[in-house]
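Chemist: If you're matching them up, the sequences are chains P and Y in order. If you read the first sequence in my numbering, its first letter stands for residue 449, the second for the next number, and so on. If you read the second sequence in my numbering, its first letter stands for residue 206, the second for the next number, and so on.
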Amino acid sequence: MEKLTLRRIGNALMLHYVGEITLEITGDLKRLLDAELEGDEVATVVIDLGDVSFMDSSGIGFLVSVNTRMRSAGRAFFLYRLSPPVEKTLGLVQLLQFFQILSDEAALTAACGK
Amino acid sequence: MEHAAVKKVFQAISHPGDSRKLAKEVVEYLAREHLADPDALHDLDIILTEACANVCRHAYGGAPGRLEVRLGVNPGRWVELEIVDWGKGFAGDARFENPGPDSEGGRGLYIMRMLSNHCRVDRRDGENVVFIHKDIGATQWKS
Numbered sequence: 449m450e451k452l453t454l455r456r457i458g459n460a461l462m463l464h465y466v467g468e469i470t471l472e473i474t475g476d477l478k479r480l481l482d483a484e485l486e487g488d489e490v491a492t493v494v495i496d497l498g499d500v501s502f503m504d505s506s507g508i509g510f511l512v513s514v515n516t517r518m519r520s521a522g523r524a525f526f527l528y529r530l531s532p533p534v535e536k537t538l539g540l541v542q543l544l545q546f547f548q549i550l551s552d553e554a555a556l557t558a559a560c561g562k
Numbered sequence: 206m207e208h209a210a211v212k213k214v215f216q217a218i219s220h221p222g223d224s225r226k227l228a229k230e231v232v233e234y235l236a237r238e239h240l241a242d243p244d245a246l247h248d249l250d251i252i253l254t255e256a257c258a259n260v261c262r263h264a265y266g267g268a269p270g271r272l273e274v275r276l277g278v279n280p281g282r283w284v285e286l287e288i289v290d291w292g293k294g295f296a297g298d299a300r301f302e303n304p305g306p307d308s309e310g311g312r313g314l315y316i317m318r319m320l321s322n323h324c325r326v327d328r329r330d331g332e333n334v335v336f337i338h339k340d341i342g343a344t345q346w347k348s
C-alpha cells in the first residue's frame, strides 16, 4: 500500500495516508493495523489525516473501530491534522468531539510520550 | 413539479472493490458541464459514493450486479439523482438517523439526508431507488 506510511515514535504508532479513505481501502487498512497491533508494545495509535482528500462512512467506521479497539485495551488513540474534507465529514456525523484530535506538533509530541 | 432540462444515465456493474468509479464519473460530468462550486460537487460526491457503496455492499450480497445512476439537472436550480439497483433492497430497514458514536456503520443514509434537501428510498417494479434532490444556489453553477 504505497500511499500509507507507518512510523514508530517511542511506543506510539503513527499512520499517514495520502489519498481517499473509502470502502475500497478500509479492509486493507484494518488488516494492516491488526498485524501492527499484535503484541502489547504499541501503547498509542495516531492517524494523520492531513493528506486525505476524501473520506466516506467506511472511513468513519474504520476510525471508530480503531478507537474502540484501543480504548477497550486501555491504550490511546488520536487523530492528527484533519484535512478540510475529513473535518467536514466527521462534522456531518457529529464525531468531531468524540475523537481526541491533536491540533499541532507539540500536542503530537506530548501524546507520543517523547 | 418542475422537470429536469438535462437527463443522463450512467451505468456500471457494482463491485465491492470499485465503489467510487461510478460516483466519480457522475461528479466529473457535473464539474465539466454544469457546476462550478467545489463544495456542491463534494457534497454530491459524498452522496453518490455512499449510495453506490450501499449497493456494492448490500444489494447483491457482495457479488457483482447492475448499478445505475439517473441524473436530472435543472440548470441554475437543482440536481436530482436516482441510484438504482435490482438486488434485495432495504426491505423496510432504511435508517436515516445518525447512529451512536461507537457504531462502526449505518451512517450512509444519514449523510445523504444531511447533504440533500430531499432523500428517500423506494422500491418500484423490481428496482430499488435512492432518490436525492439537492437545491444548488445560482452562483454555484457555471456561467
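Just so you know, even glycine gets a beta-carbon here, dropped at the ideal spot from N, CA and C.
Specify the secondary structure class of residue 513 of chain P as computed by DSSP and reduced to three states.
Modeler: Helix.
Chemist: Would you say the segment 552 to 561 of chain P touches the segment 256 to 276 of chain Y, given that touching needs at least three Cβ pairs under 8 Å?
Modeler: The segment 552 to 561 of chain P vs the segment 256 to 276 of chain Y: no contact.
Chemist: Pull up the DSSP beta-bridge partners for residue 265 of chain Y, would you.
Modeler: In the DSSP output, where bridge partners are listed per residue, residue 265 of chain Y has none listed.
Chemist: Mind pulling the chain P residues with CB within less than 8 Å of residue 303 of chain Y?
Modeler: Result: 541, 542.
Chemist: Using three-state DSSP, classify residue 328 of chain Y as helix, strand or coil.
Modeler: Correct three-state label for residue 328 of chain Y: strand.
Chemist: Just the Cα atoms here: how many angstroms apart are residue 275 of chain Y and residue 452 of chain P?
Modeler: Going by the C-alpha atoms only, they are around 35 Å apart.
Chemist: Quick check on residue 458 of chain P: does DSSP put it in helix, strand or coil?
Modeler: Looking at residue 458 of chain P - three-state DSSP - the assignment turns out to be coil, as it is neither helix nor strand.
Chemist: Relative to the C-alpha of residue 256 of chain Y, which residue among Y/340, Y/282, Y/226 is closest?
Modeler: The option with the nearest alpha carbon to residue 256 of chain Y is Y/226.
Chemist: Throw me the rounded Cβ distance for the residue 519 of chain P and residue 510 of chain P pair, which I believe falls under 8 Å.
Modeler: Not confirmed; about 15 Å, so no contact.
Chemist: Rounded to the nearest angstrom, how far is the Cβ of residue 240 of chain Y from that of residue 337 of chain Y, given a contact under 8 Å?
Modeler: Residue 240 of chain Y to residue 337 of chain Y, Cβ: 15 Å. No contact.
Chemist: Contact defined as beta carbons within less than 8 Å: I believe residue 538 of chain P pairs with residue 530 of chain P. What is the distance between those atoms, to the nearest angstrom?
Modeler: Going by Cβ atoms, the distance from residue 538 of chain P to residue 530 of chain P rounds to 7 Å, so yes, they are a contact pair.
Chemist: Kindly list the residues whose CB is nearer than 8 Å to the CB of residue 310 of chain Y, restricted to its own chain and excluding five residues on each side of it in sequence; keep chain order.
Modeler: Result list for residue 310 of chain Y: 304, in chain order.
Chemist: Using a C-beta to C-beta distance shorter than 9 Å, which residues of chain P count as neighbours of residue 315 of chain Y?
Modeler: What residue 315 of chain Y touches in chain P: 505, 540, 541.
Chemist: Can you pull the chain P residues whose beta carbon is under 8 Å from the beta carbon of residue 258 of chain Y, in chain order?
Modeler: Per Cβ cutoff of 8 Å: 470, 471, 504, 505, 506.
Chemist: Secondary structure at residue 285 of chain Y, three-state DSSP: helix, strand or coil?
Modeler: It is a strand residue.
Chemist: I'd like to check one pair, residue 232 of chain Y with residue 249 of chain Y: are the Cβ atoms closer than 7 Å?
Modeler: Yes, the Cβ-Cβ distance between residue 249 of chain Y and residue 232 of chain Y is below 7 Å.
Chemist: Compute the Euclidean distance between the alpha carbons of residue 454 of chain P and residue 462 of chain P, then round it to the nearest angstrom.
Modeler: In a straight line, the C-alpha of residue 454 of chain P is about 6 Å away from that of residue 462 of chain P.
Chemist: Thinking C-alpha only, which one of Y/307, Y/312, Y/320, Y/313 is nearest residue 285 of chain Y?
Modeler: That would be Y/320, whose Cα lies nearest to the Cα of residue 285 of chain Y.
Chemist: Keeping to the same chain, check which residues put their C-beta closer than 8 Å to that of residue 549 of chain P; ignore five residues upstream and five downstream.
Modeler: Closer than 8 Å at Cβ, skipping near neighbours: 526, 527, 528, 530.
Chemist: Let me confirm a value: residue 313 of chain Y is counted as buried when at least 16 other C-beta atoms fall within 10 Å, else exposed. Which label applies?
Modeler: Buried, since its Cβ has 16 or more Cβ neighbours within 10 Å.
Chemist: Starting from residue 323 of chain Y, follow its DSSP beta bridges and name the residues at the other end.
Modeler: Residue 323 of chain Y is bridged to Y/338.
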